[in-house]
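As structure tokens, the structure follows; a few thoughts come after it.
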Amino acid sequence: MKGMTLIVKTIARLISGLIFLYGIYIVLHGHLTPGGGFAGGIIIAGAFVLLILSEGSKKASSEIKKQRASVGESSGIFIFWLLAMLGLFTGSLFFLNLLPKGKAYHLFSAGIIPLCNIGIGLEVGAALFAIFITLAVLKTGEKK
Amino acid sequence: MIELYLLLILMILGAIIALESRNLLSAIISLGIVGFGLTLIFLVLQAPDLAIVQIVVETLSLIILIAAILKTTREDTTEEWGAKKIFLYLGGLAFLVIFLISVKGALKFLPPFGEPLMRMAGPYLKLGLEKTGAANLVAAVILDFRGYDTLGEAAVLFTAAMGVIAVLRKIGRKN
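Protein chains in written order, with this note's numbering: chain A, 797 to 940; chain B, 3 to 177.
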């Protein structure tokens, strides 16, 4: 996949970090403000998609990125499933909120809900990025 | 209320154009009208969570669809003729008639717009903060009360990504 002009590259480099940070903020504050794992994960994927679209990507490095995205996606859903199963093992209830609830409206509150949000965010972001990079690799492969 | 109707009419028009257009690029952009109209409807109905997800998903899926169009073709080359076309139209008409008849029966039992049944949602709204400690009630519902659903949703996305990677792989494919 070919990159774009210098103007687009510079702007994308400046902005993608901010988008990435915003995605992390949305994921971490999922239990306090609108958003959560799904929305934040997609925003994180959007930061990477912006970088790939502007900078371009070589075929070999795209394969590595695809494998890493696949690993991230699998580990994200594994974290989520593990948290659900932990409740089953310790308290004999699927999705039991086993951590202390903490003070409401604080960042560290609501038990396992923030951890679930992190798992979902990892899964959603990596899955969307994997789909995108797979299509991008297919395009460069056909042109040769 | 009037803005909801206007948005719905706009979305239906966009969907019809997306179906009938022979140029696939304009069809995808008309499909975007449906998605972004849905975003505005979520905002009007005061659901910012869904609006954030909808707007980002819509943008990203438009990018992915346009990437697919640029890679393949811009022309819609499906041909419908003869018996196939008649069968398609008759099937669509029969579905519409059956759907309208069943909707007429079902509408009598639906609560009026803006006054939903609160048999399950009432206790969630009252006890959500106390039982889960999460200030965002949506997060409390999707990750605590309705955890099974969210696990299923995440599994659906996981399977979709697996499917794309498996279908479009380079290694081990015959041609």
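Glycine is no exception: its CB is placed at the ideal position from the N, C-alpha and C atoms.
- The region 890-901 of chain A makes no contact with the region 849-857 of chain A, as fewer than three CB pairs between them are under 8 Å.
- For K897/A, a Cβ of chain B is located within less than 8 Å of the residue's own Cβ.
- The DSSP-derived three-state label of E155/B is helix.
- Of the residues assessed, E869/A falls on the buried side of the cut-off, its CB having 16 or more other CB atoms within 10 angstroms.
- Rounded to whole angstroms, N913/A and A96/B show a C-alpha spacing of 45 Å.
- Scanning the region 818-857 of chain A for uninterrupted alpha helix (DSSP H) segments of 4 residues or longer gives 833-851, listed from N- to C-terminal end.
- The beta carbon of A926/A lies closer than 7 Å to those of K862, A865, S866, E869 in the same chain, with the five residues before and after it left out.
- By the C-beta criterion, the region 144-155 of chain B is judged to be in contact with the region 889-897 of chain A, since at least 3 inter-stretch pairs fall below 8 Å.
- Listed in chain order, the non-local C-beta contacts of E919/A below 6 Å within the same chain comprise E869, G872, I873, local neighbours out to five positions each way being set aside.
- By the beta-carbon neighbour count (other beta carbons within 10 angstroms, threshold 16), A835/A is buried.
- Against G831/A, the close residues of chain B are D51, I54, in the order they occur along the chain (beta-carbon pairs closer than 7 Å).
- The beta-carbon separation of P910/A and D51/B, rounded to 16 Å, does not stay under the 8 Å limit for a contact.
- Y126/B places its beta carbon 8 Å or farther from that of V99/B.
- Rounded to whole angstroms, the gap between the alpha carbons of R121/B and A808/A is 49 Å.
- Runs of the alpha helix (DSSP H) spanning 4 or more residues and lying entirely within the region 103-140 of chain B occur at 123-134, in chain order.
- For N913/A, no pairing in a beta bridge is given by DSSP.
- Taking 8 Å as the CB threshold, D146/B lines the interface with chain A.
- For the 8 Å CB-CB criterion, G887/A and G837/A do not form a contact.
- Proximity of chain B to T930/A at the Cβ level (cut-off 7 Å) is accounted for by V166, I167, L170, in chain order.
- Measuring C-alpha to C-alpha distances from L67/B to each of L92/B, F101/B, V46/B, I30/B identifies I30/B as the nearest.
- In the structure shown, E81/B falls within a coil segment according to DSSP collapsed to helix, strand and coil.
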